[in-house]
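What follows is one structure encoded as structure tokens, with my remarks underneath.
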């Protein structure tokens, strides 16, 4: 076992006092200047933020549309649940670019919100691309193309000017060379960019304390997401429930158990946090998020603790086990 492997954080699920299973976690925390101040595991791990990249993917839109309403900017950053509120905001974005649902290239899946999905079934209706959790991002991309004079056709392709610009912004905001930003394809067909974990944390530190030439637009993204947490995710989902409970916190989940957090107020000043749960175990995400917030000096209220219960109950309501986080956060200064 290497030293890095020994330092990896773990979320451990227990039963009857026995450790039954665990999730390994790499984590990086940076300050407002982008310096690494704490980590678990490998802070240079190359990984895909997936949908945690959506604030960066929305930045060309924020720059090109300074008067865009906050709710529409928020849904452009969203992995939404497909509720009527989400769909209306996406439709407003599409209308601004003269686009329709047929122009979305995200594909189709059932709404994340179980009640909405059930209602579609009862009505005998099939989901459309509008229900896709990334439809707001795609509608924002179509509007960004129109406002920047780029073609809407092929907007999901790696060679499209919008996607080239988004890759550049990942490098700029992450404080790395462009060559360090690797490219794959996301579940919604746009490019997914992989970069070092501490670079992703710098992106979220920049959301917490915007600076530089993009500061005004980045601040608008922070305001939009924190003012409309419901539009960023939806009922019962971590982004939506966490942001209102910690003033000055912006958060965005990504697929395969990535998470990014910008913390505007902490005993150590503005911070950016990024972590990757290596087996993609979504159930561990809230436990890690709360553990790192507590380690950074954020008091955990009962409402916060309720997001990641420390005890496990079976279907009969009996307590059968627990969850603990072996964080071992190592501070560099």
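In the numbering used here, the protein residues as written are 847 to 1179. Backbone N, C-alpha and C define an ideal beta-carbon position, used for all residues, glycine too. Because the structure is a prediction, the values reported are computed rather than measured.
(message) Please return the same chain residues whose Cβ sits closer than 7 Å to the Cβ of residue 1022, not counting the five positions on each side in sequence.
(response) Here residue 1022 refers to the residue found at position 176 when the chain shown is read from its first residue. Excluding positions up to five away in sequence, the list reads 1041, 1042 and 1045.
(request) Output the distance between the C-alpha atoms of residue 849 and residue 996, rounded to the nearest integer angstrom. (result) Position 3 of the chain shown, counting from 1, holds the residue named residue 849. Position 150 of the chain shown, counting from 1, holds the residue named residue 996. The predicted model places residue 849 with a pLDDT of 44, which falls under 50 and marks its position as unreliable; any figure quoted below should be read in that light. Distance between the alpha carbons of residue 849 and residue 996 is about 48 Å.
(request) Report the option in 1031, 987, 1136 and 957 whose CA atom is closest to the CA atom of residue 909. (result) Looking up residue 909 in the chain shown gives position 63. If we check each option's Cα against that of residue 909, 987 comes out closest.
(request) Tell me residue 1100's beta-bridge partners as DSSP assigns them. (result) Start at 1 with the first residue of the chain shown, and residue 1100 comes out as number 254. Paired residue(s): 1104.
(message) I'd like to check one pair, residue 926 with residue 1077: are the Cβ atoms closer than 8 Å?
(response) Within the chain shown, the letter at position 231 stands for residue 1077. Within the chain shown, the letter at position 80 stands for residue 926. Result yes, Cβ atoms of residue 1077 and residue 926 sit closer than 8 Å.
(message) By DSSP's criteria, residue 859 is part of a beta bridge. Which residues make up the other side?
(response) Here residue 859 corresponds to residue number 13 of the chain shown, with the count starting at 1. Beta-bridge pairing links residue 859 to 867 and 1169.
(message) Taking only three categories from DSSP, how would you classify residue 950?
(response) Mapped onto the chain shown, residue 950 falls at position 104. Here residue 950 sits in coil by DSSP.
(message) Please tell me whether residue 1029 and residue 1013 are closer than 8 Å, where the distance is taken between their beta carbons.
(response) Taking the first residue of the chain shown as position 1, residue 1029 is located at position 183. Taking the first residue of the chain shown as position 1, residue 1013 is located at position 167. Yes, the Cβ-Cβ distance between residue 1029 and residue 1013 is below 8 Å.
(message) Residues in the same chain with beta-carbon distance under 7 Å from residue 1112, minus the five sequence neighbours each way, listed in chain order, please.
(response) As a working mapping, residue 1112 is identified with position 266 in the chain shown. Taken in chain order, the residues that qualify are 1142, 1143 and 1144.
(request) Please name the residue, chosen from 931, 941, 1166 and 1172, that lies closest to residue 862 on a Cα-to-Cα basis. (result) Taking the first residue of the chain shown as position 1, residue 862 is located at position 16. The option with the nearest alpha carbon to residue 862 is 1166.
(request) Examine the Cβ distances between the stretch 859-878 and the stretch 942-952 and report whether three or more of them are shorter than 8 Å. (result) no
(message) Which complete alpha helix (DSSP H) runs does the stretch 1062-1148 hold, if anything under 4 residues is left out?
(response) 1075-1078, 1084-1088 and 1131-1141
(message) For a quick check, are the C-beta atoms of residue 1085 and residue 855 less than 8 Å apart?
(response) Taking the chain shown and counting its residues from 1, the one referred to as residue 1085 is at position 239. Taking the chain shown and counting its residues from 1, the one referred to as residue 855 is at position 9. No, the Cβ-Cβ distance between residue 1085 and residue 855 is not below 8 Å.
(request) Determine the closest residue to residue 1170 out of 1161, 1164, 1162 and 1138, with distance taken between C-alpha atoms. (result) Within the chain shown, residue 1170 is the residue found at index 324, counting from 1. It is 1138 whose Cα lies nearest to the Cα of residue 1170.
(message) If I measure Cβ to Cβ from residue 974 and keep anything under 8 Å in the same chain, skipping five residues before and after, which residues do I get?
(response) Taking the chain shown and counting its residues from 1, the one referred to as residue 974 is at position 128. Result list for residue 974: 947 and 954, in chain order.
(request) Measure how close the beta-carbons of residue 1050 and residue 985 come, nearest whole angstrom, since I'm counting them as under 8 Å. (result) On the chain shown, residue 1050 is found 204 positions in, with the first residue counted as 1. On the chain shown, residue 985 is found 139 positions in, with the first residue counted as 1. Not a contact, Cβ separation roughly 24 Å.
(message) Using 8 Å as the cut-off, can you tell me whether the stretch 898-914 makes contact with the stretch 959-968, which would need three or more C-beta pairs spanning the two stretches below that distance?
(response) no
(message) Under 8 Å, with one C-beta from each stretch per pair, do the stretch 928-938 and the stretch 965-984 reach the 3-pair mark?
(response) Contact between the stretch 928-938 and the stretch 965-984 is present, because at least three Cβ pairs lie under 8 Å.
(request) Put residue 920 into one of helix, strand or coil per three-state DSSP. (result) By 1-based counting over the chain shown, the position of residue 920 is 74. Of the three classes helix, strand and coil, the one that applies to residue 920 here is helix, per DSSP.
(message) Beta-carbon within less than 7 Å of residue 851's beta-carbon, same chain only, minus the 5 sequence neighbours each way: which residues are those?
(response) Sequence index remark: in the chain shown, residue 851 carries index 5 (1-based). Here the model assigns residue 851 a pLDDT of 45, short of 50, so the residue's position is not dependable, and the following value carries that caveat. So the list is empty, once near-sequence residues are dropped.
(request) Report yes if the CB atom of residue 898 is closer than 8 Å to the CB atom of residue 1100, and no otherwise. (result) Locating residue 898 in the chain shown gives position 52, where the first residue counts as 1. Locating residue 1100 in the chain shown gives position 254, where the first residue counts as 1. Yes, these two residues count as a Cβ contact at 8 Å.
(message) Check this for me: beta carbons of residue 1126 and residue 1097, under 8 Å apart or not?
(response) Here residue 1126 refers to the residue found at position 280 when the chain shown is read from its first residue. Here residue 1097 refers to the residue found at position 251 when the chain shown is read from its first residue. Their beta carbons are not under 8 Å apart, which means residue 1126 does not touch residue 1097 by this criterion.
(message) According to DSSP, residue 1030 sits in a beta bridge with which residue or residues?
(response) Stepping through the chain shown from its first residue, residue 1030 is reached at position 184. According to DSSP, residue 1030 bridges with 1038.
(message) What does the alpha-carbon distance come out to for the pair residue 847 and residue 966?
(response) Here the question's residue 847 lines up with position 1 in the chain shown. Here the question's residue 966 lines up with position 120 in the chain shown. Interpretation of residue 847 is limited by its pLDDT of 38, a score under 50 that renders its predicted location unreliable; the figure taken from the coordinates is listed afterwards. Distance between the alpha carbons of residue 847 and residue 966: 50 Å.
(request) Use the C-beta contact count for residue 887: other C-beta atoms within 10 angstroms, 16 or more gives buried, fewer gives exposed. (result) Here the question's residue 887 lines up with position 41 in the chain shown. It counts as buried.
(request) Determine the burial state of residue 1106: buried for a count of at least 16 other Cβ atoms within 10 Å of its Cβ, exposed for fewer. (result) One-based indexing of the chain shown puts residue 1106 at position 260. By the 10 Å Cβ count, residue 1106 comes out buried.
(request) Compute the Euclidean distance between the alpha carbons of residue 1133 and residue 1092, then round it to the nearest angstrom. (result) Indexing the chain shown from 1 puts residue 1133 at position 287. Indexing the chain shown from 1 puts residue 1092 at position 246. If you take the alpha carbons of residue 1133 and residue 1092, they lie about 16 Å apart.
(message) Pop quiz: residue 860 and residue 1168 are said to be a contact at Cβ under 8 Å. What is the actual Cβ separation, rounded to whole angstroms?
(response) Position 14 of the chain shown, counting from 1, holds the residue named residue 860. Position 322 of the chain shown, counting from 1, holds the residue named residue 1168. Contact holds; Cβ gap of about 5 Å.
(request) From the DSSP output, read off the bridge partner residues of residue 884. (result) Taking the first residue of the chain shown as position 1, residue 884 is located at position 38. In the DSSP output, where bridge partners are listed per residue, residue 884 has 875 and 1177.
(request) Could you check if residue 928 is buried or exposed, using at least 16 other CB atoms within 10 Å of its CB as the buried criterion? (result) For this step, residue 928 is matched to residue 82 along the chain shown. By the neighbour-count rule (16 or more Cβ atoms within 10 Å), residue 928 is buried.
(message) Which of the three DSSP states is assigned to residue 914 in this structure?
(response) The sequence position of residue 914 within the chain shown is 68, counting from 1. Coil.
(message) Could you compute how far the alpha carbon of residue 923 sits from the alpha carbon of residue 1020?
(response) Start at 1 with the first residue of the chain shown, and residue 923 comes out as number 77. Start at 1 with the first residue of the chain shown, and residue 1020 comes out as number 174. Rounded to whole angstroms, the separation of the alpha carbons of residue 1020 and residue 923 is 18 Å.
(request) Could you check if residue 1178 is buried or exposed, using at least 16 other CB atoms within 10 Å of its CB as the buried criterion? (result) What you label residue 1178 is simply residue 332 of the chain shown in a count that begins at 1. Looking at its Cβ environment, which holds fewer than 16 other Cβ atoms inside 10 Å, residue 1178 is exposed.
(request) Go ahead and label residue 883 buried or exposed: buried means 16 or more other beta carbons lie within 10 angstroms of its beta carbon, across all protein chains shown. (result) Along the chain shown, read from residue 1 onward, the residue named residue 883 stands at position 37. Here residue 883 is buried: its Cβ has 16 or more other Cβ atoms, across all protein chains shown, within 10 Å.
(request) Could you name the residues of the same chain whose beta carbon sits closer than 7 Å to that of residue 1002, not counting the 5 residues immediately before and after it, in chain order? (result) Taking the chain shown and counting its residues from 1, one reaches residue 1002 at position 156. If you ignore the 5 residues before and after residue 1002, its C-beta comes within less than 7 Å of the C-beta of 951, 1035 and 1036, all in its own chain and listed in chain order.
(message) In the DSSP output, what is residue 892 paired with across the bridge?
(response) As a working note, residue 892 is residue 46 in the chain shown. Beta-bridge pairing links residue 892 to 1042.
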